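*Asks:* Chains A and B supply the protein sequences, listed in that same order. The first sequence begins at 11 in this note's numbering and counts up one residue at a time. The second sequence begins at -16 in this note's numbering and counts up one residue at a time. By construction, the Cβ of each residue, glycine as well, lies at the ideal position given by its N, Cα and C atoms. As the structure is a computational prediction, the values presented were derived from the model and not from experiment.
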Amino acid sequence: AQKITQTQPGMFVQEKEAVTLDCTYDTSDQSYGLFWYKQPSSGEMIFLIYQGSYDEQNATEGRYSLNFQKARKSANLVISASQLGDSAMYFCAMREGLEYGNKLVFGAGTILRVKS
Amino acid sequence: DTEVTQTPKHLVMGMTNKKSLKCEQHMGHRAMYWYKQKAKKPPELMFVYSYEKLSINESVPSRFSPECPNSSLLNLHLHALQPEDSALYLCASSPKLRATEVTHNYGYTFGSGTRLTVV
């Protein structure tokens, strides 16, 4: 079964608009972490934002915020004021448990294109 | 130093060659990872080293041989690869985590990858 589901293969957004990238996850673990990464065409994986399962507040990092709805098992990424440089592949990922060296499992990704 | 450095950035090798990929970090992370990524697909985990010991091998063929000689260095030795092994190979490292702890940089740090082409 898919652990991380990203249902939007591709998204378009107008420059300066906000966009939401969807992510749902499946785990029976009480302790887990959710991550969003950006991967431009150059290939590097850039860490954007993290949400721990016990965090009561939604994470925010600059223009990025994570809309965490624990009961619905969703962790959507919101990018405000989109910029042309935001065009990239975006991955949602999850780490289950607290053991050191637990693997990070990725969703299929969403390609975001920002239009001028 | 908040980087994971991978070398080489690009590698072309024949099916009979032996080559190695190198990954280095100086952030004090004691968990290090190899991921393989095909074009337009998510990264797939290959190996995890925790405290310099192999803790996870995701049933990777033996033509890929990982090595962790010390806490800062991770190698991936390649031998007799197939053209379908052509991919982006990403190394990552991670800090020790507690789910109740919130810090501003709490992610697995990835290197920029090695683009491998097997001919």
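1. Could you tell me if B/PHE93 is buried or exposed, where buried requires 16 or more neighbouring beta carbons within 10 angstroms of its beta carbon?
2. Using only the alpha-carbon positions, how far apart do A/CYS33 and B/VAL102 sit?
3. What did DSSP end up calling A/LEU94 once you bin it into helix, strand or coil?
4. So what does B/LEU73 bridge to, in DSSP terms?
5. When you compare the CB of B/VAL43 with every CB in chain A, is at least one pair closer than 8 Å?
6. Applying a beta-carbon distance threshold of less than 7 Å, which residues of chain A neighbour B/PRO25?
7. With DSSP collapsed to three states, give me the class of B/PRO66.
8. If the criterion is Cβ atoms closer than 8 Å, does the pair A/GLN93 and A/GLU27 meet it?
9. Give me the chain B residues within the contact set of A/GLY20, using Cβ-Cβ distance strictly less than 7 Å, ordered along the chain.
10. When DSSP labels each residue in this structure, what does A/SER75 get in the three-state scheme?
11. At 9 Å on the CB atoms, spell out the chain B contacts of A/LYS113, in chain order.
12. Name the chain B residues that come within less than 7 Å of A/MET104, Cβ to Cβ?
13. Does chain A have any CB closer than 8 Å to the CB of B/PRO(-9)?
14. Quick one: does A/ARG123 have its CB under 8 Å from some CB of chain B?
15. Between the beta-carbon of A/TYR74 and the beta-carbon of A/LEU31, is there less than 8 Å?
16. Please state the DSSP three-state secondary structure of A/THR30.
17. Can you pull the chain A neighbours of B/SER95, defined as C-beta to C-beta under 9 Å?
18. Give a yes or no on whether the minimum CB-CB distance between B/LEU71 and chain A is below 8 Å.
19. Could you spell out the range, first to last residue, of the beta strand (DSSP E) harbouring B/SER48?
20. Is it right to say B/ASN53 is buried, meaning 16 or more other beta carbons lie within 10 angstroms of its own, or is it exposed?
21. Among A/THR17, A/PRO50, A/SER41, A/MET21, which residue has its Cα nearest to the Cα of A/GLY62?
22. In the DSSP output, which residue or residues are listed as bridge partners for A/ASN112?
*Replies:* Let me spell this out:
1. buried
2. 37 Å
3. helix
4. B/TYR18
5. no
6. PHE101, PHE116, GLY117, ALA118, GLY119
7. helix
8. no
9. None at all; the shortest Cβ gap to chain B is about 11 Å.
10. strand
11. TYR16, LEU28, VAL31, ILE39, GLU41
12. In chain order: nothing, as chain B lies at least about 11 Å away.
13. no
14. no
15. Cβ atoms of A/TYR74 and A/LEU31: not closer than 8 Å.
16. strand
17. Near B/SER95 (Cβ distances below 9 Å), the residues of chain A are SER52, GLY53, GLU54, MET55.
18. yes
19. 47 to 53
20. exposed
21. A/SER41
22. Partner(s): none; A/ASN112 has no beta bridge.
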